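Worksheet for the structure shown next.
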Amino acid sequence: MITILMGSIAIGLSLGVLGSGGSILTVPVLAYGLGQTEKQAIASALLIVGLISSVSSFSGIRQRLVHWPLVWLFGLPGMVGTYLGAWFASFTTGIVQMTVFATVMLAAAWRMFKPSKAAPETRSEPSNWLTGFQGLLVGVLTGFVGVGGGFLIVPALVLLSGLAMRTAVATSLVIIVMNSFIGFLKYQQVLTESQTQLNWHIIMVMTAIGIAGSLTGQRLSGRLPQQKIKSAFSIFLILMAGFILYQSLPALFPAFTL
Numbered sequence: 128m129i130t131i132l133m134g135s136i137a138i139g140l141s142l143g144v145l146g147s148g149g150s151i152l153t154v155p156v157l158a159y160g161l162g163q164t165e166k167q168a169i170a171s172a173l174l175i176v177g178l179i180s181s182v183s184s185f186s187g188i189r190q191r192l193v194h195w196p197l198v199w200l201f202g203l204p205g206m207v208g209t210y211l212g213a214w215f216a217s218f219t220t221g222i223v224q225m226t227v228f229a230t231v232m233l234a235a236a237w238r239m240f241k242p243s244k245a246a247p248e249t250r251s252e253p254s255n256w257l258t259g260f261q262g263l264l265v266g267v268l269t270g271f272v273g274v275g276g277g278f279l280i281v282p283a284l285v286l287l288s289g290l291a292m293r294t295a296v297a298t299s300l301v302i303i304v305m306n307s308f309i310g311f312l313k314y315q316q317v318l319t320e321s322q323t324q325l326n327w328h329i330i331m332v333m334t335a336i337g338i339a340g341s342l343t344g345q346r347l348s349g350r351l352p353q354q355k356i357k358s359a360f361s362i363f364l365i366l367m368a369g370f371i372l373y374q375s376l377p378a379l380f381p382a383f384t385l
């Protein structure tokens, strides 16, 4: 129960304060803390983060911070990519997914450790095709390893589309909801075919605690030193990625010894 409680609070706070990082915490908590299979953990994480993000996004919608044209331009291709990524994951082993997941964690750590950059005052408008293609790639990643992609979506919206950080975070949460739910629906098909059941009790408990943590994080976000939080979070991600690789690589490469 302690694992569920602490993990859910961390997931919610991450989404509330940073607008990202939820799935990157959820999958390891479910897979290593609660002993679920890789595909169970990824499917559950997509639903948990989707539900938490849907509640968290209400604040940005109410404050009219969400940039709806970019939601559709970035999010709709993202949904297609998520479905494709989840479909491709059905042909791969969980060990491969967790190895890729650890690599994604390292990329997220690097992204968060770097100081945030403001959107340039003068910039060329990105083409709709480029924005849609970025959404598609983020979606494929979401579907394959179960990450919402917020750590990629937020910088893309800030640096390439020129959004303010608060608008980018609010917009990112809506896109995460779209990607997470379509990915979960596809994973349900995969789990049904393998006759694997989800633990709905854990999903509901983690979602409820995560929502409370996310709402608290949103209230605290303006008062906390975000760059210091990101730096600390990135160090945690590096340690977690190292643990996942330590667990996964020997199974992926039997001759590989640590």
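Its first residue numbered 128, the sequence shown is counted upward by one per residue in our numbering. Each residue gets a CB set at the ideal place from its N, CA and C atoms; glycine is no exception. This one's a predicted model, so the numbers in the text were calculated from it and none came from an experiment.
Query	Result
For a test of the three-state rule: what should DSSP assign to S299, helix, strand or coil?	helix
Assuming F185 is part of the alpha helix (DSSP H), what are its boundary residues?	165-189
Which term fits L372, buried or exposed, when burial requires 16 or more other beta carbons within 10 angstroms of its beta carbon?	buried
Have a look at F201 and P282 and give me their C-alpha separation to the nearest angstrom.	13 angstroms
What would DSSP say about W327, mapped onto helix, strand or coil?	helix
Between T294 and the rest of its own chain, which residues show a CB-CB distance below 7 angstroms, the 5 nearest in sequence each way excluded?	L192, H194
Once DSSP output is grouped into helix, strand and coil, what is the label at L284?	helix
Would you check if the stretch 292-307 and the stretch 223-241 touch, i.e. whether three or more CB-CB distances between them fall below 8 angstroms?	no
Is L152 closer than 8 angstroms to I131 when the C-beta atoms are compared?	no
For L192, name the three-state secondary structure that DSSP assigns.	coil
For the stretch 254-263 against the stretch 179-186, do three or more pairs of beta-carbon atoms, one drawn from each stretch, fall closer than 8 angstroms, so that the two count as touching?	no
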